[in-house]
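Undergrad:
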Amino acid sequence: MNEALHERVRRMRERALIRSWEYRQRNYAKGAWYRFRRILVDAAQAWIIDERDADRLQSDGRVPLPIGREFAPPIRVFLLTEEQLAAASSRRRVAVRLCGELLQARNLALIAHE
Amino acid sequence: MIAGSEVPNLLEPDARSTLIVSKDLDIAVPVERHAAVKARLREVQGLRRSEEEPSVWLPLEAELLEVNYIGMQTRGEPAETYVLEDSELPLLVFAHLSLLRPGKPLDIEGLAVPVPRPAGLLLEKLLTDRSGEKGDRDLLVALAVLLVSGSSDLEELETQYRGLSAELRFATRSGLSALSLLEPRVQMPDPTPHRALLARLMARLENVEQER
């Protein structure tokens with residue numbers, strides 16, 4: 125019996141069990157990361173905006189995406205057009221990836237792919 | 028069949044091999060061909076079997092690559108990964124390699140090199156269960172395969188995706204979402220300029236979900 129191969133199989137089966145657990149949890153808190161990644165997939169651009177601009181967007185009727193409320197502290201994530209974003213003077217572009225800068229933002233504005 | 032991350036290197040024009048993905052070569056052995064491959068291995072020169080892991084063959088010369096023989100089921104659904112015990116050539120039979128379908132062999136300097144069709148390889152790489160650097164590289168290999176895929180390959184991908192369990196379909200989409208957000212790496216394809224393509228593929232897979 126080849127111990128090295130069996131050890132690799134054991135580790136792979138552990139990962140498969142974790143994957144199954146993550147799948148069962150997909151609609152709960154554990155799935156929040158997938159849902160967050162999913163909205164970012166559709167974003168061509170991501171911008172960090174300040175509280176005042178986020179408040180103004182909300183008072184203008186822009187509704188933050190529900191995913192942001194799943195995090196603590198919550199993130200206000202807005203899906204905007206470029207024209208809507210132009211009114212946010214505090215906007216600062218950030219790479220669309222799971223980097224510290226994006227994850228620490230409390231208010232995000234996303235522009236979808238064309 | 029060449030099965031691992033070296034495939035997109037071979038699929039580049041003239042097999043230019045610009046991606047640095049691994050320093051070994053995975054050769055997938057269909058379990059029903061195990062005895063025949065084992066017999067041919069006795070004729071191979073320039074490689075010797077690793078004592079620690081006998082499915083790995085080590086190069087005797089610097090210009091040769093290490094070869095990793097891995098097992099694949101060619102029939103049925105992706106099942107559990109297992110060890111095919113053999114005193115001479117034991118194989119780790121990877122569950123998701125059953126997604127690979129033989130493609131048109133490449134002709135490289137007169138040698139017919141069997142490679143998988145892009146659709147199955149793309150799915151298999153998106154389904155990586157590895158994390159960290161290795162998992163990211165699997166996903167970037169998936170991108171490299173996607174970039175050489177045509178519309179018929181994507182149709183085939185969709186067909187194969189439909190046949191997966193709900194859990195594996197979700198894992199495929201999860202892998203795709205992670206790929207879309209990866210940062211560039213040296214000598215690997217950069218997802219950034221291809222994020223719209225990845226978003227379209229995601230939408231296509233989600234359409235399948237809505238049709239179910």
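Just so you know, the protein sequences line up as chains A and B, in that order. Read in order, the letters of the first sequence are residues 125 to 238 in the numbering used here. Read in order, the letters of the second sequence are residues 28 to 239 in the numbering used here. Think of the CB as a built atom: it goes at the ideal place given N, C-alpha and C, for glycine as much as any other residue. Keep in mind the model is a prediction, meaning the values are calculated, not measured.
Is N95/B helix, strand or coil by DSSP?
TA: strand
Undergrad: Which residues of chain A have a Cβ atom closer than 8 Å to the Cβ of E194/B, listed in chain order?
TA: R143, S144, Y147
Undergrad: In the DSSP assignment, find the unbroken alpha helix (DSSP H) run with Y158/A in it and report its ends.
TA: Per DSSP, Y158/A belongs to the alpha helix (DSSP H) from 156 to 165.
Undergrad: Secondary structure at F195/A, three-state DSSP: helix, strand or coil?
TA: coil
Undergrad: I need the straight-line Cα distance from A66/B to A193/B, nearest angstrom please.
TA: 40 Å
Undergrad: What in chain B is Cβ-close to R161/A, meaning under 8 Å?
TA: S201, S204, A205, S207, L208
Undergrad: Beta-carbon within less than 7 Å of R76/B's beta-carbon, same chain only, minus the 5 sequence neighbours each way: which residues are those?
TA: W84
Undergrad: Ignore the nearest five residues each way along the sequence and tell me which others in L170/B's own chain have a CB closer than 7 Å to its CB.
TA: Around L170/B, the same chain offers L206, P216, P218, H221 as residues with beta carbons nearer than 7 Å, after the five sequence neighbours per side are excluded.
Undergrad: What would DSSP say about D217/B, mapped onto helix, strand or coil?
TA: coil
Undergrad: If you drop the 5 nearest sequence neighbours on each side, which residues of the same chain put their C-beta closer than 8 Å to that of I163/A?
TA: L189, I191, V201, L203, L234
Undergrad: Quick check: the region 188 to 204 of chain B against the region 145 to 164 of chain B, are at least 3 beta-carbon pairs closer than 8 Å?
TA: The answer is yes - the region 188 to 204 of chain B touches the region 145 to 164 of chain B, with three or more Cβ pairs under 8 Å.
Undergrad: In the DSSP assignment, find the unbroken beta strand (DSSP E) run with L116/B in it and report its ends.
TA: Unbroken run through L116/B: none, as it is neither H nor E.
Undergrad: Candidates Q228/A, A156/A, R216/A, D184/A: which alpha carbon is nearest Q169/A's?
TA: R216/A
Undergrad: Would you say M229/B faces chain A, with C-beta separation under 7 Å as the test?
TA: Yes, its Cβ sits closer than 7 Å to a Cβ of chain A.
Undergrad: Closest by CA to G155/A, which one among E194/A, V133/A, M136/A, C223/A?
TA: E194/A
Undergrad: Suppose the cutoff is 8 Å on Cβ atoms and the five residues either side in sequence are ignored; what does the same chain contact list for R176/A look like?
TA: S214
Undergrad: Would you kindly report the start and end of the unbroken alpha helix (DSSP H) that includes A139/B?
TA: Premise fails: A139/B lies in the beta strand (DSSP E), 138 to 140, not in any alpha helix (DSSP H).
Undergrad: Using a Cβ cut-off of 8 Å, pull out every chain A residue sitting near A198/B, in sequence order please.
TA: R143, Y147
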